[in-house]
Each structure stands twice: as structure tokens, then as C-alpha cells.
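Numbering (this note's numbering), first residue to last: 19 to 123. Remarks on the structure that follows.
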């Protein structure tokens, strides 16, 4: 059995995201679950290797306008048609957006 290293629970949430991974370019995907520390993303058949560093981007809406959130991330595992990411250096705005999604969904 795998040992969990998360501080918060993951929640099943489906949002569109873009992964910026220089060797491939932009990979569009959909989250399957999200926590304050990471997310699992269905990459629609695009393979990104474990230990790859990339940037994940998603949008939220506030006062009728779209706000883009970008966060550096690290690929922990690659399986079942997607990647498990650990988020790194999450800023206040991004942390608040993640927390809001986890509380609303």
C-alpha cells in the first residue's frame, strides 16, 4: 500500500487546465481530483515522464472576469492516461483559488 504524503484530502473536481511542458509544448487536460498540494490530470493520451517540471494553468471567475492562475508543478507519477502533480511555490492568489474550488465543489 502506498504511503500518502498529503496534508489535505483530494476532492473529485473536473476543470480544464493547460500544462506548459517545454519538450512537448502546451498539453490541454482535465483534472480528476485536486488538493491544496497537488492534482491528477487526464492528459488525453499525452505522456509526460515522472520527475518532469512544468507549469499548470487554470482559470477562475471573479466579478465577471476570468483570472488565470499559473503554478509550477512536479510530475509524481504517470498512469491511467494522466499525470499526478505536486504543486510547488503556490502563491496566495493560487492558494485561495484552490481552497475556493475545494470548498465549493
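For each residue, glycine too, the CB sits at the ideal point set by N, CA and C.
Note down the Cα distance separating residue i from residue j, rounded to an integer number of angstroms.
| i | j | result |
| --- | --- | --- |
| residue 108 | residue 119 | 15 angstroms |
| residue 29 | residue 69 | 23 angstroms |
| residue 81 | residue 114 | 15 angstroms |
| residue 32 | residue 41 | 26 angstroms |
| residue 102 | residue 93 | 6 angstroms |
| residue 84 | residue 27 | 27 angstroms |
| residue 45 | residue 121 | 27 angstroms |
Could you tell me which residues DSSP puts in a beta bridge with residue i?
| i | result |
| --- | --- |
| residue 7 | Here the chain covers residues 19 to 123 and nothing more, so residue 7 does not appear. |
| residue 77 | 86 |
| residue 37 | 45, 74 |
Please identify the residue among the options whose C-alpha is closest to the C-alpha of residue i.
| i | options | result |
| --- | --- | --- |
| residue 110 | 42, 100, 54 | 54 |
| residue 86 | 116, 39, 103 | 116 |
| residue 36 | 113, 88, 56 | 88 |
| residue 39 | 27, 79, 67, 32 | 67 |
| residue 79 | 112, 64, 45 | 112 |
| residue 151 | 52, 56, 121 | As shown, the chain starts at 19 and ends at 123. That puts residue 151 outside it, with no answer to give. |
Do residue i and residue j have their C-beta atoms closer together than 9 angstroms?
| i | j | result |
| --- | --- | --- |
| residue 62 | residue 99 | yes |
| residue 59 | residue 47 | yes |
| residue 1 | residue 49 | Nothing can be reported for residue 1, as the shown portion of the chain is limited to 19 through 123. |
| residue 105 | residue 64 | no |
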